[in-house]
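Numbering (full-length UniProt numbering), first residue to last: 1 to 333.
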Amino acid sequence: MSKIKPSQGAPYARIMGVGGYRPTRVVPNEVILETIDSSDEWIRSRSGIQTRHWASDEETVAAMSIEASGKAIADAGITPEQIGAVIVSTVSHFKQTPAIATEIADRLGTGKPAAFDISAGCAGFGYGLTLAKGLVVEGSAEYVLVIGVERLSDLTDLHDRATAFLFGDGAGAVIVGPSKEPKIGPTVWGSEGDKSDTIKQTESWEAYRNGAPDKFPAITQEGQAVFRWAVFEMAKVAQQALDAAGITADDLDVFIPHQANERIIDSMVKTLKLPEHVMVARDVRTTGNTSAASIPLAMERLLATGEAKSGDTALVIGFGAGLVYAATVVTLP
Ligand SMILES: CC(C)(COP(=O)(O)OP(=O)(O)OC[C@H]1O[C@@H](n2cnc3c(N)ncnc32)[C@H](O)[C@@H]1OP(=O)(O)O)[C@@H](O)C(=O)NCCC(=O)NCCS
Numbered sequence: 001m002s003k004i005k006p007s008q009g010a011p012y013a014r015i016m017g018v019g020g021y022r023p024t025r026v027v028p029n030e031v032i033l034e035t036i037d038s039s040d041e042w043i044r045s046r047s048g049i050q051t052r053h054w055a056s057d058e059e060t061v062a063a064m065s066i067e068a069s070g071k072a073i074a075d076a077g078i079t080p081e082q083i084g085a086v087i088v089s090t091v092s093h094f095k096q097t098p099a100i101a102t103e104i105a106d107r108l109g110t111g112k113p114a115a116f117d118i119s120a121g122c123a124g125f126g127y128g129l130t131l132a133k134g135l136v137v138e139g140s141a142e143y144v145l146v147i148g149v150e151r152l153s154d155l156t157d158l159h160d161r162a163t164a165f166l167f168g169d170g171a172g173a174v175i176v177g178p179s180k181e182p183k184i185g186p187t188v189w190g191s192e193g194d195k196s197d198t199i200k201q202t203e204s205w206e207a208y209r210n211g212a213p214d215k216f217p218a219i220t221q222e223g224q225a226v227f228r229w230a231v232f233e234m235a236k237v238a239q240q241a242l243d244a245a246g247i248t249a250d251d252l253d254v255f256i257p258h259q260a261n262e263r264i265i266d267s268m269v270k271t272l273k274l275p276e277h278v279m280v281a282r283d284v285r286t287t288g289n290t291s292a293a294s295i296p297l298a299m300e301r302l303l304a305t306g307e308a309k310s311g312d313t314a315l316v317i318g319f320g321a322g323l324v325y326a327a328t329v330v331t332l333p
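Structure below.
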C-alpha cells in the first residue's frame, strides 16, 4: 500500500473573475492598406475586422498582463497573495527563459506561486484553463491566475496580404478557484501536428545564431487550409464539448469562440445550430485576432457591456498553430 498521503483539492473549480487589457492605439484598416494591396471592404467582408489594437513600446507582454490580471483579481474578490499558481499563455514573449510568468507574479505582489509559460497558440487560453482546473481540483493551488497575452504586431509581416490585417495585441486574464459545483466542464482538446506547417513562424530563432537574417520573423499561414480545418473540424470539437458537459446547444447562453475570423464564427454558429437566444462573441471586429488573449478579452467585453451576465453558461473554443484546439463549457464569473 502506498505511504503517500493523497493531495486534497476542491471538489470542483470555477472561473471567479475576468479582466482584459487592450492597448491604447486603435488601428483602422486604412493603416493596413498602406502596406498591402487590399481594401477596407475586402478586409471587413472576408474577416469581419474593422479595427485592432497595437501595443506601444511601454505596453509590453508583462505590462499588459499585469493590467488584465489586476482587474481579474479584483473581479474575483481575492488578494494577489492568495494566488498559488500563475500560468501565462503566449507566443509573443521573446525571451526563452526565464518564463515571463515569474516576473508577472512578482510585479503583481503575489507570494511565491508556481509560475510558468505555455505555448499553445490560439488554443492557449483553453489549455491554461484546463491546467488551472486540474491544479485547483488536485489541490496544488487554491487560486490560479491564467493569462492569455500577445503582441502579435511584433510578429506580423505588414506586407503579407494573408495576415497583415488579421492580428492584434492585448491581454486577458481569469482567476480559477474552488467551487462546490462543476462550473468548468470536461475539456475536449488535442493536436494535429501533421498540419504544423499551416500556421508558423517564418524564421526559427536558430537562424539568428550565425548573424541575423534581414527580417524579423513573422507568423505566416495557409489561410484557406486553416479556414477549412476550423470550419469543418472545430464545429465537431465544439459539439463534443457540449456532449461532454451533458448539455445541448439549447442550454447555452453564450458562445465564445476564438476570435480568428468572423466568417469562421458564423459557420460554426450555423453548424452547431445555435438557437437565436445564444449571445455570440464578435469581438474580432474591433480587436482582431489576439491568439491566446482572444477568448478572455471577448468574455470580459461581453460581461462589461451586459451582453452576457454572471452565471451564464458559455461554450469556449480555441484553435490555432500546432494545429491545436481546446473546447470547454464554463459558467461565466
Ligand atoms: C486569410 C483569409 C481571410 C483569406 O480569405 P480567403 O477567402 O481564403 O482568400 P484567398 O487567399 O482564397 O484569396 C481569395 C482572393 O482574394 C485575394 N486576396 C488575398 N488576400 C487579399 C487581401 N488582403 N486583400 C484583397 N484581396 C486579397 C486573392 O488574391 C484571391 O484573389 P483571386 O480570387 O483573384 O485569385 C482566410 O483564408 C482566413 O480567414 N483564414 C483563416 C485565418 C485564421 O483565422 N487564422 C488564424 C487561425 S488561429
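Every residue gets a Cβ at the ideal spot worked out from N, C-alpha and C, and that includes glycine.
Since this is a predicted model, take the numbers as computed values, not measurements.
Ranked by Cα distance from F125, the options T156, T97, I78, V174 are led by V174. Residues P80, E81 of the same chain have their beta carbon placed closer than 8 Å to that of G109, with the five preceding and five following residues left out of the count. In the structure shown, S89 adopts extended strand secondary structure according to DSSP, grouped into three states.
Contact between the region 64-81 and the region 182-197 is absent, with fewer than three C-beta pairs closer than 8 Å. Taken through DSSP and simplified to helix, strand or coil, Q240 comes out as helix.
For H159, same chain residues with a beta-carbon under 6 Å away, outside a window of 5 residues either side, are T35 in chain order.
The shortest C-alpha to C-alpha distance from G168 to any of F232, M64, S7, K95 is the one to M64. The count of Cβ pairs closer than 8 Å, one atom from the region 34-49 and one from the region 66-76, stays below three, leaving the stretches out of contact.
The continuous stretches of beta strand (DSSP E) do not include F125, which lies in the alpha helix (DSSP H) extending over residues 124-138. Excluding its 5 nearest sequence neighbours in each direction, P213 has C-beta neighbours in its own chain below 8 Å: E203, A207, listed in chain order. Note that the C-beta distance between W54 and R25 is below 7 Å.
A distance below 7 Å separates the beta carbons of A218 and L155. Around the CB of Q259, 16 or more other CB atoms lie within 10 Å, so the residue is classed as buried. By alpha-carbon distance to A235, the top candidate from V27, T328, T313, P11 is T328. At least one heavy atom of ligand 1 lies less than 6 Å from the C-beta of R46. Taking A114 as reference, the option from F94, A123, H93, V136 with the minimal CA-CA separation is V136.
According to DSSP, K200 shares a beta bridge with T220. S38 carries a coil assignment under DSSP once its states are collapsed to helix, strand and coil. In this structure, the beta-carbon distance from G139 to S2 does not fall below 7 Å.
In the displayed model, M1 falls within coil according to three-state DSSP, outside both helix and strand. Taking the CA atoms as reference points, A238 sits about 35 Å from S56.
Beta-bridge analysis with DSSP links F94 to no other residue. Per the Cβ contact rule, the region 308-316 is in contact with the region 248-255 (3 or more Cβ pairs under 8 Å). Take A249, set aside five residues on each side of it, and the residues of its chain with a beta-carbon closer than 8 Å to its own are L242, L272, K273, L274, P275, V278, in chain order.
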